[in-house]
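Have a look at the structure below before the remarks.
Structure representation (structure tokens):
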């Protein structure tokens, strides 16, 4: 049975994995009152990448994120509905709190960063905690595996320089 978040100032311990890199996982603890934008920044920081692209959170876990019935995208905060014309409009990542989206252990969402390179992460609620005095959040509490490079070097054979 799923246990509800504790009263007071709860935190969520989330396991973040990358389907393309099975050995990679990051456990991030974040207060329920932090925004999804803050969670996105924590995820990207946990793999050592630059936080320099659009992103979104989707309830569809497969390849087709457009099958999501609920989605939260940076595009919504920019006054745009992204590149999807059908289905429900995207909701704000800046105004939506972690505790509004993740509600119980086992909940899973997909996070997509950089729609061009299509970096995908699966986020799962592991458990709850409580905010500790003097601790800076969000924080990485466990880390396994090496993240791929965000910008791998270009293959010299494919590089065609104009004179």
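In the working numbering, the protein residues as written are 779 to 941. Note that beta-carbon positions come from the ideal geometry of N, C-alpha and C, so glycine has one too.
Check: Residue 928 in three-state terms, based on DSSP; Outcome: coil
Check: Three-state class that DSSP yields for residue 839 in the structure shown; Outcome: coil
Check: Beta carbon of residue 903 nearer than 8 Å to that of residue 790; Outcome: yes
Check: The region 840-854 touching the region 799-810, judged by at least three CB pairs closer than 8 Å; Outcome: no
Check: Beta-carbon contacts of residue 797 that lie in its chain and below 7 Å, excluding the five residues immediately before and after; Outcome: 898, 900
Check: For residue 816, the three-state DSSP class (helix, strand or coil); Outcome: helix
Check: Nonlocal neighbours in the same chain, by C-beta distance under 6 Å from residue 905, ignoring five residues either side; Outcome: 791, 883
Check: Cβ-based neighbour list, residue 815, same chain, cut-off 7 Å, excluding 5 preceding and 5 following; Outcome: 871, 872
Check: With 16 other Cβ atoms within 10 Å as the buried cut-off, status of residue 824; Outcome: buried
Check: Exposure label - residue 794; buried when at least 16 CB within 10 Å; Outcome: buried
Check: Option in 805, 799, 846 with minimal Cα separation from residue 920; Outcome: 805
Check: Cross-strand partners of residue 902 (DSSP beta bridge); Outcome: 793, 886
Check: Selected residue, minimal CA-CA separation from residue 836, among 895, 800, 886, 877; Outcome: 886
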